[in-house]
Amino acid sequence: MALSIAKTHGSRNDIFVIDGAPDDHFAPGEVTRAVGLLCDRRRGLGSDGVYFVADNGDGTARAWFFNPDGSEALLCGNGMRCAGRLLLDRHQAESAVLHTGPYSFTVRNAETSPHGVRQVAVELPPVDFTPAEPIVAGGSAGPSSTSPYPHSTPPAASRHSRSPTPTWSP
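So the sequence shown is residues 3 to 172, counted in this note's numbering.
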């Protein structure tokens, strides 16, 4: 089986972008294992994840992201910029739309870096701080944390916790 794979990078993440949908290349039960092997830096080529991108040929594409362990995630922002840049280059376009899960993301050309690198930006949907169903409502209705800092996990396309801290040092 031949795969068209591009190894890309964005903000210190290296991401494989594969042309086509996951099931174009793998049986449903094989995707997790294949991605895990591909991303393994000791046994495979190594990366921080894989985007499968099915280009519709009209400046839009359907995208699926998989973490390096082979688990599927809704998106990876840095990886989306990488996949989007490939679409922009392929179609010589100023913008492209990637659809993932229930979301659509517009990727646009951005300013060139001081080092001459052409950059792209992804327009993310706004975070909803007033959801109809709270993620955590005084119980374990959602993700939990043992952090001593107050934090919130608002529903967003990329699920991350936000924790304001007075000071932080690694």
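We put the CB at the ideal spot given by N, CA and C, even for glycine.
Proximity to residue i [Cα-Cα], best of the options
i: I20; options: R14, R45, D42, R64; result: R64
i: M82; options: S13, A4, R35, P30; result: S13
i: V37; options: Y53, A85, L89; result: Y53
i: A95; options: N58, G22, R110; result: R110
i: G61; options: L88, P70, F67; result: L88
i: A56; options: V122, A75, L100; result: L100
i: E113; options: P104, Y105, A123; result: A123
i: P24; options: P128, F68, R43, G86; result: F68
i: K9; options: N80, V129, P128; result: N80
i: H11; options: N58, P128, P104, G86; result: G86
Distance between residue j and residue i (C-alpha atoms, nearest Å)
i: D93; j: P116; result: Residue identity differs from the one stated: residue 93 is His in this sequence, not Asp. Near 25 Å, if we compare the C-alpha coordinates of P116 and H93.
i: L47; j: D16; result: 11 Å
i: S73; j: R120; result: 31 Å
i: T102; j: G118; result: 30 Å
i: G22; j: L39; result: 19 Å
i: H27; j: L5; result: 8 Å
i: F18; j: T132; result: 35 Å
i: T108; j: L126; result: 8 Å
i: P70; j: C41; result: 5 Å
i: L76; j: E32; result: 19 Å
i: W66; j: R45; result: 23 Å
i: A98; j: I7; result: 20 Å
i: D50; j: C84; result: 12 Å
DSSP three-state assignment for residue i, whether helix, strand or coil
i: L77; result: coil
i: H101; result: strand
i: R120; result: coil
i: R110; result: strand
Chain B within 8 Å of residue i, Cβ atoms only
i: P24; result: Protein chain content of the structure displayed is limited to a single chain, and chain B is not contained in it.
Cβ shell of residue i (< 6 Å), same chain only, five flanking positions each side left out
i: T34; result: G72
i: H106; result: For clarity, residue 106 is Ser in the given sequence; the question names His instead. Excluding residues within five positions, the ones whose Cβ falls inside 6 Å are V99.
i: C78; result: G51, F67
Exercise for review: Could I get the ranges of all uninterrupted alpha helix (DSSP H) runs contained in the region 21 to 90, with 4 residues as the minimum, in chain order?
Suggested key: 24 to 27, 33 to 41
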